[in-house]
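J.: I'd like to ask you about the structure that follows.
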Amino acid sequence: MAYLIRSAVAVAIFTLVLATPTPNEASIKVVRAPLEGYKVGRGITFMGTIEEGGPEYTFHGTIEEIRAQILKIKPDFVPSAPSEEDQFNSTLAKRGDRASMNCGHVGKGWNGDAESWLARERANYLKGLNGMCGVNNGGGECSRISCAYNTGIWICNDTNGPLSKPCKYLGKQADVIINECEYPRTDPQPAYNEPFTWLVKGQRFDTEGYNIIINGDAC
């Protein structure tokens with residue numbers, strides 16, 4: 004029930020925060036990889052359709068930047084709503100499966116905590132994109148999937164080359180991290196109401212040589 008309340012409130016305000024930072028905002032933020040010793044990539048590449056039966060497009064950047072590019076072409080674009088299976092019953096999101104999961108502080112390069120509700124909405128947005136999301140470079144490079152309001156989602160590629168996965172799959176990976184690693188604030192303030200009382204920080208490794216990270220970020 005608590006999740007349903009957090010999700011409903013978050014959906015109501017999601018459109019207010021899924022925005023691309025202005026050039027002035029971006030210029031004062033220092034981008035650093037979430038893991039020490041990793042290079043910083045140039046966001047992700049989305050390849051897919053933005054309407055049923057339509058042409059395939061290619062966009063680059065974070066999902067906030069990709070959304071802005073899509074809206075220039077299709078101003079009424081709305082990603083597909085995640086199915087109930089995507090929301091709750093994903094085989095990736097089984098609680099208790101911690102074999103490839105790190106929650107909390109892992110490595111000196113990690114930043115602070117992320118807002119759980121915002122990370123979950125970004126995961127839902129990924130699951131609503133009809134196409135592939137990937138990165139062009141491997142060899143220890145991390146690229147931002149999303150960054151807004153000091154909450155970041157990253158993909159770190161340890162393979163030797165490009166990597167591309169269904170956007171829906173990466174969204175499910177983010178769900179796993181949130182389901183396993185979110186926790187209530189230890190210093191709740193009166194102004195913190197659902198869903199803002201929950202934070203998250205975690206990392207999940209995939210068997211194909213990459214990992215997804217959710218943590219606090221400079222944006």
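In the numbering used here, the protein residues as written are 4 to 222.
We put the beta carbon where it would ideally sit given N, CA and C, even for glycine.
This one's a predicted model, so the numbers in the text were calculated from it and none came from an experiment.
1. Taking only the alpha-carbon atoms, compute the straight-line gap between Gly205 and Glu185 and give it to the nearest angstrom.
2. Which of helix, strand or coil does DSSP assign to Val138?
3. If you follow the beta strand (DSSP E) that Cys145 is part of, which residue opens it and which one closes it?
4. Is DSSP giving Lys171 helix, strand or coil here?
5. Run through the DSSP bridge pairs and tell me what Lys42 is partnered with.
6. Along the chain, where does the beta strand (DSSP E) containing Ile53 start, and where does it finish?
7. Which same chain residues, not among the five before or five after Ser149, have their C-beta less than 6 Å away from its C-beta?
8. Given this structure, state the Cα-to-Cα distance separating Asn127 from Leu121, to the nearest angstrom.
9. Grab the span of the beta strand (DSSP E) containing Arg207 for me, first residue to last.
10. Determine the closest residue to Gln176 out of Thr61, Cys136 and Pro187, with distance taken between C-alpha atoms.
11. Which residue marks the beginning of the alpha helix (DSSP H) containing Asn127, and which one marks its end?
12. State the Cα-Cα distance for the pair Asp100 and Val179, rounded to the nearest angstrom.
13. Per DSSP, what kind of secondary structure is Glu185 in: helix, strand or coil?
14. Once the 5 residues before and after Leu166 are set aside, which same chain residues still bring their CB inside 7 Å of it?
15. Beta-carbon within less than 8 Å of Arg188's beta-carbon, same chain only, minus the 5 sequence neighbours each way: which residues are those?
16. Below 9 Å between beta carbons: does that hold for Glu59 and Thr48?
17. Here's the rule I'm using: 16 or more other beta-carbon atoms within 10 Å means buried, otherwise exposed. How should Asn225 be labelled?
T.: Let's see:
1. Numbered from its first residue, the sequence shown carries residue 205 at position 202. Numbered from its first residue, the sequence shown carries residue 185 at position 182. When rounded, the distance between both Cα atoms is 8 Å.
2. Numbered from its first residue, the sequence shown carries residue 138 at position 135. Three-state DSSP puts Val138 in a strand.
3. Along the sequence shown, read from residue 1 onward, the residue named residue 145 stands at position 142. Element bounds for Cys145: Glu144 to Ala151.
4. Looking up residue 171 in the sequence shown gives position 168. Residue state, collapsed to three classes: helix.
5. As a first step, residue 42 is located in the sequence shown; it is residue number 39 there, counting from the start. The partner list for Lys42 (beta bridge, DSSP) reads Glu144.
6. If you number the sequence shown from 1, residue 53 lands on position 50. Segment: none, Ile53 is in no beta strand (DSSP E) and carries neither H nor E.
7. The residue labelled residue 149 in the question sits at position 146 within the sequence shown. The answer, listed in chain order, is Thr65, Ile66, Arg125 and Ile156.
8. The residue you call residue 127 lines up with position 124 of the sequence shown. The residue you call residue 121 lines up with position 118 of the sequence shown. Their Cα atoms are separated by approximately 10 Å.
9. Looking up residue 207 in the sequence shown gives position 204. From DSSP, the beta strand (DSSP E) with Arg207 extends over Gly205 to Asp209.
10. As a position in the sequence shown, residue 176 is number 173, starting the count at 1. Among Thr61, Cys136 and Pro187, the Cα nearest to that of Gln176 belongs to Cys136.
11. To locate residue 127, count along the sequence shown from 1; it is residue 124. Per DSSP, Asn127 belongs to the alpha helix (DSSP H) from Ser119 to Lys130.
12. Here residue 100 is taken as the residue at index 97 of the sequence shown, counted from 1. Here residue 179 is taken as the residue at index 176 of the sequence shown, counted from 1. Summary for Asp100: the model assigns pLDDT 46, below 50, so the residue's position carries little reliability; its value from the coordinates is reported in the next sentence. Asp100 and Val179: Cα-Cα distance of roughly 9 Å.
13. Within the sequence shown, the letter at position 182 stands for residue 185. Reduced to three states, the DSSP call for Glu185 is coil.
14. The residue you call residue 166 lines up with position 163 of the sequence shown. The answer, listed in chain order, is Gly137, Val138, Gly141, Asn160 and Tyr213.
15. Taking the sequence shown and counting its residues from 1, the one referred to as residue 188 is at position 185. Correct list, in chain order: Tyr195, Thr200, Trp201 and Leu202.
16. Your numbering for residue 59 matches position 56 in the sequence shown. Your numbering for residue 48 matches position 45 in the sequence shown. Not a contact, by the Cβ cut-off of 9 Å.
17. Here the chain has residues from 4 to 222 only, and residue 225 is not among them.
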